[in-house]
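Okay, so here's the structure we're looking at.
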């Protein structure tokens, strides 16, 4: 399997892994993704950013300062 095929396969399996149409393409484990989403829903963008290793997601940046 070539690098391209491997990358495509990995991205496609991440995309299609969700049964609730809550697709995600990334390298984080599903439970990490779920925790981060839960924190963002509750308005805790700083904690969600800490889970990502310090980088803020676009959603976290959009919610920053809106409490």
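Residue numbers (the working numbering): 7 to 73.
Don't be surprised by glycine CBs; every beta carbon is placed ideally from N, CA and C.
Using the rule of at least 16 other Cβ atoms within 10 Å of the residue's Cβ for burial, across every protein chain shown, is residue 44 buried or exposed? Per the 10 Å Cβ criterion, exposed.
Under a Cβ-count criterion, where at least 16 other Cβ atoms within 10 Å of its own Cβ denotes burial, should residue 42 be classed as buried or exposed? Flag for residue 42 reads buried.
What's the C-alpha gap between residue 35 and residue 57? Whole-angstrom Cα-Cα distance: 12 Å.
In whole angstroms, what separates the C-alpha of residue 46 from that of residue 33? Taking the CA atoms as reference points, residue 46 sits about 19 Å from residue 33.
Quick check on DSSP: helix, strand or coil for residue 42? Correct three-state label for residue 42: helix.
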